[in-house]
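S.K.: Note that the numbering used here has the sequence shown beginning at 4, numbered continuously upward. Ideal placement from N, C-alpha and C gives every residue a C-beta, glycine not left out. Sharing a structure with you now.
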Amino acid sequence: MTGLLPTSIVGSLPKPVWLAEPEKLWSPWKMEAGQLAEGKRDALVLSCAEQHRAGLDIVSDGEQTRQHFVTTFIEQLSGVDFARRETVTIRNRYEASVPTVVGPVAREKPVFVDDARHLRAHTDRPIKWALPGPLTMVDTLYDAHYRSREKLAWEFAAVLNQEARELQAAGVNIIQFDEPAFNVFFDEVNDWGVAALERAIEGLNCETAVHICYGYGIKANTDWKATLGSEWRQYEEIFPRLQTSGVDLVSLECHNSRVPMDLIELIRGKKVMVGAIDVASNRIETPEEVANVLRSALQFVDPDKLYPCTNCGMAPLPREIARGKLKALSEGAELVRRELTGVQASPRESSTHHRAGETVAAS
Ligand SMILES: [Zn+2]
């Protein structure tokens, strides 16, 4: 669908200062109901234009219309009471006050489909849309109805499948499921987590991805990472099952992590979105640093299956930093692309490649 080493982001980008408080994860909206919908749409178009300008090959919405990567989706479902909160431990790591499942969960209406159409109208490039994965959704709620994580996951998978089919019809090329919980609950992943994901992608013709990371750069996550030792081998527990799954792409955290790159060998055959941008640091990578991560991954991924990406979402970063990181990703990928194709860099040529007929609309 694209040339060699197509670049993309995992999901979120910082929101404009007029839409939500900057440099804050899960930041509340600054606009009121009537104007908010328009504000979100404008931010989505800006985010699309920034990805164009940086030269990214696959464009996302930057998650400009959602406050939280899991709960914004769940808010639109019936069966979940957001006024009834319980404190649970998320990913065995940090406590949070979460909504309660009080009855059968169902999708009464499309959640992101209009937003996806809006993004589709503003770019000719392939687009990728992120949804939460079933296991991560289950882990972000208190369940007073099904009282079974597995049962609830299957229900969510069916709901996700409805949304995914409509996103595909709206022109989405890659549907990605965010499953950071895959890095924690290995038994559940292998018993039913991947199977639930396969239920969520049932019948889709577009490409599908799963994103599995070590989380945003928040303290609970960085503290947890500090306990993981010199080699992070979590992926090893789940890759064999993922390798046999129907998911096309696997999105991984690789830069500045202690994940041994050779673990990627375990998902040989899958397309791998290699995280070459650290989202837990405000330091902008050099293109050469990005290229080094990609070169290292190329030992274990065929070049036609390597998708340079970020480690995770960039929502909490300052906007200028995020822009710099997008550019570094694009330029780093271009360095490796030239090595692979034997094309010499021309000093007059910008690394950001523009396609004929491309629309970078600003409104
Ligand atoms: Zn992530």
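Quick one, what's near ligand 1 if you take every residue whose CB is closer than 5 angstroms to any heavy atom, in chain order?
M.R.: In chain order, the qualifying residues are Cys216 and Cys315.
S.K.: Assuming Val277 and Ala294 form a contact by the criterion Cβ under 8 angstroms, report the distance between their Cβ atoms to the nearest whole angstrom.
M.R.: As a position in the sequence shown, residue 277 is number 274, starting the count at 1. As a position in the sequence shown, residue 294 is number 291, starting the count at 1. About 11 angstroms; that fails the 8 angstroms criterion.
S.K.: Is DSSP giving His214 helix, strand or coil here?
M.R.: Numbered from its first residue, the sequence shown carries residue 214 at position 211. His214 falls in the strand class under three-state DSSP.
S.K.: CB-CB under 7 angstroms to Gly249, same chain, minus the five flanking residues each way: which ones, in chain order?
M.R.: Here residue 249 is taken as the residue at index 246 of the sequence shown, counted from 1. Only Glu201 and Ile204 meet the Cβ criterion.
S.K.: In whole angstroms, give me the CA-to-CA distance for Asp60 and Thr10.
M.R.: Your numbering for residue 60 matches position 57 in the sequence shown. Your numbering for residue 10 matches position 7 in the sequence shown. Roughly 5 angstroms separates the two Cα atoms.
S.K.: Could you tell me whether the segment 136-147 touches the segment 187-199, where touching means 3 or more Cβ pairs closer than 8 angstroms?
M.R.: With a cut-off of 8 angstroms, the segment 187-199 and the segment 136-147 count as touching, because enough Cβ pairs lie within range.
S.K.: Name the residue from Leu39, Cys216, Asp281 and Thr90 whose alpha carbon lies nearest to the alpha carbon of Arg69.
M.R.: As a position in the sequence shown, residue 69 is number 66, starting the count at 1. The shortest C-alpha separation from Arg69 is found at Leu39.
S.K.: Cα separation between Leu8 and Pro306?
M.R.: Counting from one through the sequence shown, the residue named residue 8 turns up at place 5. Counting from one through the sequence shown, the residue named residue 306 turns up at place 303. Answer to the nearest angstrom: the Cα atoms are 7 angstroms apart.
S.K.: Return the chain-ordered list of same chain residues with a C-beta closer than 7 angstroms to the C-beta of Leu223, the five sequence neighbours on each side being excluded.
M.R.: Counting from one through the sequence shown, the residue named residue 223 turns up at place 220. In the sequence as presented, Leu is not what sits at residue 223; that position holds Ala. Once the five neighbours on either side are set aside, the close Cβ partners of Ala223 are Arg96 and Tyr97.
S.K.: Please confirm whether Tyr217 and Lys228 have their CB atoms less than 8 angstroms apart.
M.R.: Locating residue 217 in the sequence shown gives position 214, where the first residue counts as 1. Locating residue 228 in the sequence shown gives position 225, where the first residue counts as 1. Yes, these two residues count as a Cβ contact at 8 angstroms.
S.K.: Per DSSP, what kind of secondary structure is Arg358 in: helix, strand or coil?
M.R.: To locate residue 358, count along the sequence shown from 1; it is residue 355. Residue placement at Arg358 cannot be trusted, given a pLDDT of 46 that sits under 50; what the coordinates show is reported in the next sentence. Looking at Arg358 - three-state DSSP - the assignment turns out to be coil, as it is neither helix nor strand.
S.K.: Do the CB positions of Val304 and Arg244 come within less than 8 angstroms of each other?
M.R.: Counted from its first residue, the sequence shown places residue 304 at position 301. Counted from its first residue, the sequence shown places residue 244 at position 241. Not a contact, by the Cβ cut-off of 8 angstroms.
S.K.: Specify the secondary structure class of Ile178 as computed by DSSP and reduced to three states.
M.R.: Within the sequence shown, numbered from 1, the residue matching residue 178 stands at position 175. Of the three classes helix, strand and coil, the one that applies to Ile178 here is strand, per DSSP.
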